[in-house]
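To keep things clear, I will list the structure first and then write my remarks on it.
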Amino acid sequence: MSSWTSPAAIAVESRLFAALAVLRVVVLVNAVALNVYRADSFERPVAGVACVGVMVAWTGFATWAYAEPRRRTALLLAADLALAVGLLLATPLVKGAGFSASLPGFWVIGALLAWAIHYRLVGGLVAGVLLATADLTLRQDVGQSDYGNAFLLLIGGPIVGFMCQSLQEMATERDAAERSAAMAAERARLARVVHDGVLQVLALVQRRGRELGGEAAELGLVAGEQERELRRLIQAQDAVTTVGDDETVDLVAELTRLEHGATVTVSTPGFPVELPAGTAHELVAVTRACLDNVRRHVGEDAAAWVLLQAAPDRVELSVRDDGPGIPAGRLDEAAAQGRLGVSESIRGRIADLGGTAELATGSFGTEWEFVVPRTATT
Amino acid sequence: MSETIRVMVVDDHPMWRDAVERDLAAAGLDVVGVAANGRDALARFPAIRPQVVVLDLQIPAPDGVEVTAEMVRQDPSVRVLILSASGEHADVLAAVKAGATGYLVKSASREELLSAVRRVAQGDPVFTAGLAGLVLGEFQRRSDEPTTDRDDTLTERETEVLKMVAKGMSYRQIADRLVLSHRTVQNHVQNTLRKLQMHNRVELTRYAIERGLDAE
Numbered sequence: 003m004s005s006w007t008s009p010a011a012i013a014v015e016s017r018l019f020a021a022l023a024v025l026r027v028v029v030l031v032n033a034v035a036l037n038v039y040r041a042d043s044f045e046r047p048v049a050g051v052a053c054v055g056v057m058v059a060w061t062g063f064a065t066w067a068y069a070e071p072r073r074r075t076a077l078l079l080a081a082d083l084a085l086a087v088g089l090l091l092a093t094p095l096v097k098g099a100g101f102s103a104s105l106p107g108f109w110v111i112g113a114l115l116a117w118a119i120h121y122r123l124v125g126g127l128v129a130g131v132l133l134a135t136a137d138l139t140l141r142q143d144v145g146q147s148d149y150g151n152a153f154l155l156l157i158g159g160p161i162v163g164f165m166c167q168s169l170q171e172m173a174t175e176r177d178a179a180e181r182s183a184a185m186a187a188e189r190a191r192l193a194r195v196v197h198d199g200v201l202q203v204l205a206l207v208q209r210r211g212r213e214l215g216g217e218a219a220e221l222g223l224v225a226g227e228q229e230r231e232l233r234r235l236i237q238a239q240d241a242v243t244t245v246g247d248d249e250t251v252d253l254v255a256e257l258t259r260l261e262h263g264a265t266v267t268v269s270t271p272g273f274p275v276e277l278p279a280g281t282a283h284e285l286v287a288v289t290r291a292c293l294d295n296v297r298r299h300v301g302e303d304a305a306a307w308v309l310l311q312a313a314p315d316r317v318e319l320s321v322r323d324d325g326p327g328i329p330a331g332r333l334d335e336a337a338a339q340g341r342l343g344v345s346e347s348i349r350g351r352i353a354d355l356g357g358t359a360e361l362a363t364g365s366f367g368t369e370w371e372f373v374v375p376r377t378a379t380t
Numbered sequence: 019m020s021e022t023i024r025v026m027v028v029d030d031h032p033m034w035r036d037a038v039e040r041d042l043a044a045a046g047l048d049v050v051g052v053a054a055n056g057r058d059a060l061a062r063f064p065a066i067r068p069q070v071v072v073l074d075l076q077i078p079a080p081d082g083v084e085v086t087a088e089m090v091r092q093d094p095s096v097r098v099l100i101l102s103a104s105g106e107h108a109d110v111l112a113a114v115k116a117g118a119t120g121y122l123v124k125s126a127s128r129e130e131l132l133s134a135v136r137r138v139a140q141g142d143p144v145f146t147a148g149l150a151g152l153v154l155g156e157f158q159r160r161s162d163e164p165t166t167d168r169d170d171t172l173t174e175r176e177t178e179v180l181k182m183v184a185k186g187m188s189y190r191q192i193a194d195r196l197v198l199s200h201r202t203v204q205n206h207v208q209n210t211l212r213k214l215q216m217h218n219r220v221e222l223t224r225y226a227i228e229r230g231l232d233a234e
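Protein chains in written order, with the numbering used here: chain X, 3 to 380; chain D, 19 to 234.
Here it is in structure tokens:
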């Protein structure tokens, strides 16, 4: 949407016109006060009073007219500027050719800023040129302060116009960003509802299938796989939305990807655990090696559990299986025969991360436990 | 068990609700009420006074977490077993903190469901390994905060037991490995849950006092 017509741009414009309405009153009071103070310099006092009356009336009308976006027509803006220029031109007629202060004085900036707000940089420039020209051409001799005032009109208009344009563009962009964020949130909410419905059905098929047996049981098995896959995806997707720069990786999201069917369960904290990418990937690789080991030594369908715990200074990662455990002395025997094998390679990789690895085995199965400092130098 | 367990089933999917109800009834449990959304569930709850509520987390408002909190507030002896299809971390943890005693994924088998309902009815927490991991994380996060009272952090033994639950070990296996009785392991897990929920109540009370809600 264009930054001219977007609701955000119009809101910015309305705000600026509201501020301008206050400014108009201030410059009006100033203009009236100065004209009253210099009342004796008027050659035609009645005309002077009439001109002041016109300024008061127009200020009231302009405040009302600019308040509503649809009333901000070219006609209104043209009338606004014409009146300001007209009052400047009327000055020599009312005050005589040798006047020093113009009739409207600073009151003309109302029209100047209205043009800058509505027509931006170009509008501010056009109004500034017209007003400065009108002011200077009428004077018999141009003093230092007259030149200064004209110069201010010339640069003030375009600057305010440019700022107004920038504000409108920023507001429009912000609105667009907010809209897309709201849309993304709504899409995520809808996806959640859909996912939940699908998961419900998959879980039900799986459950009933198991009870019915036969072909239905196979169907149930497939549904179960899909259910776990979808749940894993949803959890991984949730993790994606958490912020993290390129240098760090959320270990929770990475490990969750290892969850597999009914065999591998991954337990993690409910918050992201950011680690340097190298450390995180190495930990995932080590975990994968442990899980491969479980499949090789315990069985293809052997259950395994991965647990991640995170403290501010370290992470603890463990991988456990429910197998028969490693017979006592078996590892020493292997080492003595020079077969260092998988377990040594796992220890080495963890040591490279500055961490420790412990292997426990018994009736509870086999369990690796790794403790790795979070400020690891790799 | 001498008396039948009175169960209420809350789920917005009729097929699912019927299946759970049928399974529970077939196993001799007394399904005293059902509801399809949070509002109906809370409306019927005071009259039927179930011992166990089998509750889906994703139900039309008020959601499962709010329903859990309100039911436990009305009747602290009620046991809520959360059944959730998506198992979203934050929701499950919130429900347990609000007072739920157990959590199962919906794909759990009928036997797992029945066993969970029976255990929950006795006040025994039903943890999955995943939930235990979340709870461990929650206590860890809490102990990293400087203001935490020592009363509601876990003892070393409780942490040890909870870690084993998170690694998928059964209470039996934990008891064997730590040379404890089965009952002691159960007590440790129960204490963990109690501390989690107590901390939640303390937080709520503190919040209420800060907001001046206790003046009424």
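Each residue gets a CB set at the ideal place from its N, CA and C atoms; glycine is no exception.
Item                                                                                                                                       : Value
Min CB distance residue 115 (chain D) to chain X below 8 Å                                                                                 : no
Neighbour list for residue 319 (chain X) in chain D, Cβ cutoff strictly below 9 Å                                                          : Simply none; closest approach about 11 Å.
Nearest-angstrom beta carbon gap, residue 53 (chain D) and residue 62 (chain D) [assumed within contact, 8 Å]                              : 6 Å
Members of the region 26-45 of chain D that neighbour chain X once the beta carbon cut-off is set at 7 Å                                   : 31, 33, 34 and 37
Start-to-end residues for the beta strand (DSSP E) that takes in residue 92 (chain D)                                                      : Per DSSP, residue 92 (chain D) belongs to no beta strand (DSSP E); it is in the alpha helix (DSSP H), 82-92.
Residue 81 (chain D) at chain X interface by Cβ criterion, 8 Å                                                                             : no
Under 8 Å from the C-beta of residue 210 (chain X): neighbouring residues of chain D                                                       : 37
Candidates X:156, X:175, X:201 and X:261: closest to residue 34 (chain D) by CA position                                                   : X:201
Within 8 Å of chain A by C-beta, residues of the region 265-278 of chain X in sequence order                                               : No chain A is part of this structure, whose protein chains are labelled X and D.
Minimum Cβ-Cβ distance from residue 205 (chain X) to chain D less than 8 Å                                                                 : yes
Check whether residue 17 (chain X) and residue 65 (chain X) have beta carbons under 8 Å apart                                              : no
Residue 322 (chain X): contacting residues in chain D (beta-carbon distance under 8 Å)                                                     : 185, 186 and 187
Span separating the alpha-carbon of residue 252 (chain X) from that of residue 135 (chain D)                                               : 36 Å
CB of residue 1 (chain X) within 8 Å of CB of residue 224 (chain X), strictly                                                              : Outside the modelled stretch of chain X, which goes from 3 to 380, sits residue 1 (chain X), for which no answer is possible.
Cβ-Cβ distance between residue 49 (chain X) and residue 96 (chain X) below 8 Å                                                             : yes
Under 8 Å between C-beta atoms of residue 128 (chain D) and residue 209 (chain X)                                                          : yes
Chain-ordered chain X contacts of residue 125 (chain D) [CB-CB under 8 Å]                                                                  : 204, 205, 208, 209, 226, 229 and 230
Residue 26 (chain D) (DSSP reduced to helix, strand or coil)                                                                               : strand
Assumed close pair residue 147 (chain D), residue 186 (chain D) - CB separation to whole angstroms, cut-off 8 Å                            : 4 Å
Residue 347 (chain X) beta carbon less than 8 Å from that of residue 174 (chain X)                                                         : no
Own chain, CB closer than 7 Å to residue 275 (chain X), minus 5 neighbours either side, in chain order                                     : 252, 253, 254, 310, 312 and 317
Cutoff 8 Å: residue 162 (chain D) Cβ touching any chain X Cβ                                                                               : yes
Exposed unless 16 or more other CB atoms sit within 10 angstroms - verdict on residue 122 (chain X)                                        : buried
Span separating the alpha-carbon of residue 244 (chain X) from that of residue 216 (chain X)                                               : Note that residue 244 (chain X) scores a pLDDT of 48, beneath 50, so its modelled location is shaky; the value from the coordinates is reported in the next line. Cα-Cα distance, rounded: 44 Å.
Which of helix, strand or coil DSSP assigns to residue 31 (chain D)                                                                        : coil
Residue 188 (chain X) classed as buried or exposed, judged by whether at least 16 other C-beta atoms fall within 10 angstroms              : exposed
Three-state secondary structure assigned by DSSP to residue 261 (chain D)                                                                  : In the structure as shown, chain D begins at 19 and stops at 234. Residue 261 (chain D) is therefore absent and cannot be evaluated.
Assumed close pair residue 207 (chain X), residue 221 (chain X) - CB separation to whole angstroms, cut-off 8 Å                            : 6 Å
Residue 175 (chain D) at chain X interface by Cβ criterion, 8 Å                                                                            : no
Per-residue contacts from residue 156 (chain D) into chain X (C-beta, under 8 Å)                                                           : 271 and 272
Beta-carbon contacts of residue 85 (chain X) that lie in its chain and below 6 Å, excluding the five residues immediately before and after : 60
Nearest-angstrom Cα separation, counted from residue 181 (chain X) out to residue 88 (chain X)                                             : 46 Å
N- and C-terminal bounds of the alpha helix (DSSP H) containing residue 375 (chain X)                                                      : That residue, residue 375 (chain X), is in no alpha helix (DSSP H); its beta strand (DSSP E) goes 367-375.
Extent of the continuous beta strand (DSSP E) to which residue 306 (chain X) belongs                                                       : 306-312
Chain D contact for residue 123 (chain X) (CB, 8 Å cutoff)                                                                                 : no
CB contact flag (residue 304 (chain X), residue 322 (chain X), <8 Å)                                                                       : no
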